[in-house]
Amino acid sequence: MNKIKRVVIVTVIISIVLVIVVYVAHSNRVIGNYYGSEYEYIRIGDDLYEFDANDPYTSSDRGIRLGRVVSERDSSSESMYIWSVKGTDEYIYRLWGFSDGGFYKKVH
């Protein structure tokens, strides 16, 4: 019985580590580019988002982490992390560093 408990515990620990590794790898992938003199545009696939200083959201409205975006001119530059926004497909949330965040609205 003792050996079975060890095998189960080790299997659970390995499974948890694998889930964490897959999550980090998925949320760290490059999904698009940012550009503009003040980083006012983000392109993800065919969708274009524009910085919206008058957004109705706060950073607590961010949803799941989608990935990161890099500069259109220099992909080795610092990246910005992108989150969905709870309750809407029209906005995304961008975080650069630890405190510089902003909302971008989809351009139609």
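Using my numbering, you'd call the opening residue of the sequence shown number 77 and step up by one each time.
No residue lacks a Cβ here, since even glycine has one placed at the ideal position from N, Cα and C.
(message) Can you list, in chain order, the residues of its chain with a C-beta nearer than 7 Å to that of Val97? Leave out the 5 residues immediately preceding and following it.
(response) Hits under 7 Å: none found.
(message) For the pair the segment 131–142 and the segment 163–171, tell me if three or more CB-CB distances fall below 8 Å.
(response) The answer is yes - the segment 163–171 touches the segment 131–142, with three or more Cβ pairs under 8 Å.
(message) Mapping the DSSP letters down to three states, classify Ser87 as helix, strand or coil.
(response) The sequence given here places Thr at residue 87; Ser does not occur at that position. In this structure, DSSP gives Thr87 a helical state, which the three-state scheme calls helix.
(request) Run the CB neighbour count on Arg144, radius 10 Å, all protein chains shown included, and call it buried at 16 or more, exposed below. (result) That one is buried.
(request) Tell whether a beta-carbon distance below 9 Å holds between Arg141 and Tyr111. (result) Contact flag unset, no.
(message) Buried or exposed for Tyr99, going by 16 or more other Cβ atoms inside 10 Å?
(response) With fewer than 16 other CB atoms across the displayed protein chains lying within 10 angstroms of its CB, Tyr99 is exposed.
(request) Evaluate Phe174 with the Cβ neighbour count: other Cβ atoms within 10 Å of its Cβ, from every protein chain shown; 16 or more gives buried, anything less gives exposed. (result) Phe174 counts as exposed, since fewer than 16 other beta carbons sit within 10 angstroms of its beta carbon.
(request) Using 10 angstroms around the beta-carbon of Gly108, count the other beta-carbons present and answer buried if the total reaches 16, otherwise exposed. (result) Counting Cβ neighbours within 10 Å, Gly108 comes out buried, since at least 16 surround it.
(message) So the candidates are Val84, Glu154, His184, Lys162; which of them puts its Cα closest to the Cα of Leu171?
(response) Comparing Cα positions, the closest option is Glu154.
(request) Kindly provide the ranges of any beta strand (DSSP E) runs that are 3 or more residues long and lie completely inside the segment 95–181, ordered along the chain. (result) Complete beta strand (DSSP E) runs here, min 3: 106–111, 117–120, 123–127, 138–147, 156–161, 164–172.
(request) Taking 9 Å as the cut-off, decide whether the C-beta atoms of Gly178 and Ala129 are in contact. (result) The beta carbons of Gly178 and Ala129 sit closer together than 9 Å.
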